[in-house]
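The next block holds one structure in the form of structure tokens; read it before the comments.
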Amino acid sequence: EDQVTQSPEALRLQEGESSSLNCSYTVSGLRGLFWYRQDPGKGPEFLFTLYSAGEEKEKERLKATLTKKESFLHITAPKPEDSATYLCAVQAASSASKIIFGSGTRLSIRP
Amino acid sequence: SAVISQKPSRDICQRGTSLTIQCQVDSQVTMMFWYRQQPGQSLTLIATANQGSEATYESGFVIDKFPISRPNLTFSTLTVSNMSPEDSSIYLCSAIPVVGDTQYFGPGTRLTVL
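Those protein sequence lines, which keep their order, are chains A and B. Residue numbers for the first sequence follow the working numbering, beginning at 6 and rising by one. Residue numbers for the second sequence follow the working numbering, beginning at 1222 and rising by one.
Quick look at the structure:
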């Protein structure tokens, strides 16, 4: 069964304190792995798509990496406005475009 | 990318009534989906909205409870029927543009059932 597990469930950092969020996945043939940011009361905002092991994508203070079993979202020198829930999702090769979401990591950055 | 709007943004409804949520995309898309997100939880796929044919429902969701329409390439509706307090949730529409695999999401509809 396809599955996505995110850790930690919640993470509190001081402003400027870099860290990483983990997304472990089990899928029968990965077609794509997606990272989203979700602010309270809003829909998920697309961040990155990764397709193959070794691929990396960057956007401002965020960098996403992918291996055959997991993905990391690295946050460098975060600011309070980076506080949000970060969701990971995977699409299996046989899924007809459906994606499976992890439970998310709630990130809080203290000034 | 795709810009997605939903109406209403929120509603408070009485038990036993129905609510229809509208989803409009600013450009043609291939796939449209409806999700539910219960408080503090992640997203659960309800169904894939198919243009001109019946939606494809996930396990645990049925057409009588969540009828879906998709009359054209950019518009879909989800109805939550015969509501109970357990239906209180955020309902999200998503779509995949003609080019690419990425799903883009609407802002969601926050539903409270009393």
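Ideal Cβ positions, reconstructed from N, Cα and C, are used throughout, including at glycine.
Among A/F77, A/K68 and A/E20, which has the Cα closest to the Cα of A/I10?
The question names Ile, but residue 10 of chain A in the sequence shown is Thr. It is A/F77 whose Cα lies nearest to the Cα of A/T10.
B/A1270 beta carbon less than 9 Å from that of B/S1297
For B/S1297 and B/A1270, yes; Cβs fall inside 9 Å.
Neighbour list for A/L92 in chain B, Cβ cutoff strictly below 8 Å
The CB of A/L92 comes closer than 8 Å to the CB of S1263 and L1264 in chain B, given here in chain order.
CA nearest to the CA of A/S33, picked from A/I104, A/G109 and A/K64:
Relative to the Cα of A/S33, the nearest Cα in the group A/I104, A/G109 and A/K64 belongs to A/I104.
For B/F1326, return the contacting residues in chain A, with the cut-off set at a CB-CB distance below 7 Å.
Below the 7 Å Cβ cutoff, chain A contributes G48 and P49 as neighbours of B/F1326, in chain order.
Alpha carbon of A/R36 to alpha carbon of B/I1311, nearest angstrom
Between the alpha carbons of A/R36 and B/I1311 lies a distance of about 27 Å.
For a contact defined as C-beta to C-beta under 7 Å, what are the partners of A/F39 on chain B?
By Cβ distance, chain B contributes T1323.
Can you grab the Cα-Cα spacing for the pair B/Q1249 / A/L67, in whole Å?
About 30 Å.
Just to confirm before moving on: does the CB-CB distance between B/P1318 and B/S1222 stay below 9 Å?
With contacts defined as CB atoms closer than 9 Å, B/P1318 and B/S1222 qualify as a contacting pair.
Would you say A/Q96 lies against chain B (beta-carbon separation less than 9 Å)?
A/Q96 counts as touching chain B.
What does B/I1233 touch in chain A if you count any residue whose Cβ is under 9 Å from its own?
The premise fails here: B/I1233 is roughly 15 Å from chain A at the closest Cβ pair, so nothing lies under 9 Å.
Closer than 9 Å, CB to CB, is B/F1282 near chain A or not?
Output row for B/F1282: interface = no.
Okay, do the segment 1227-1243 of chain B and the segment 78-94 of chain A touch, 3+ Cβ pairs below 8 Å being the bar?
As far as the Cβ criterion goes, the segment 1227-1243 of chain B does not touch the segment 78-94 of chain A, which means the pair count is below three.
Selection of the segment 1286-1305 of chain B by Cβ proximity to chain A, strictly under 7 Å
Cβ contacts with chain A: none found.
Identify the residues that DSSP records as bridge partners of A/Q96: which are they?
Within the DSSP bridge table, the entry for A/Q96 names A/G37 as partners.
Reducing DSSP to helix, strand and coil, say where B/D1232 ends up.
In this structure, B/D1232 counts as strand in the three-state DSSP scheme.
What number of angstroms, rounded off, separates the C-alpha of A/Y91 from the C-alpha of B/G1329?
Straight through space, the alpha carbons of B/G1329 and A/Y91 are spaced by roughly 17 Å.
Using only the alpha-carbon positions, how far apart do A/G48 and B/L1313 sit?
Approximately 7 Å, taken between the alpha carbons.
Spatial distance of B/T1333 from B/D1308 (CA atoms):
The alpha-carbon atoms of B/T1333 and B/D1308 are separated by roughly 8 Å.
Within 10 Å of its beta-carbon, does A/P83 have 16 or more other beta-carbons around it, so buried, or fewer, so exposed?
Burial call: buried.
Comparing C-alpha positions only, which one of A/T110, A/S113 and A/F106 sits nearest to A/T3?
Lying before the first or after the last residue shown, residue 3 of chain A is absent from chain A, which here runs from 6 to 116.
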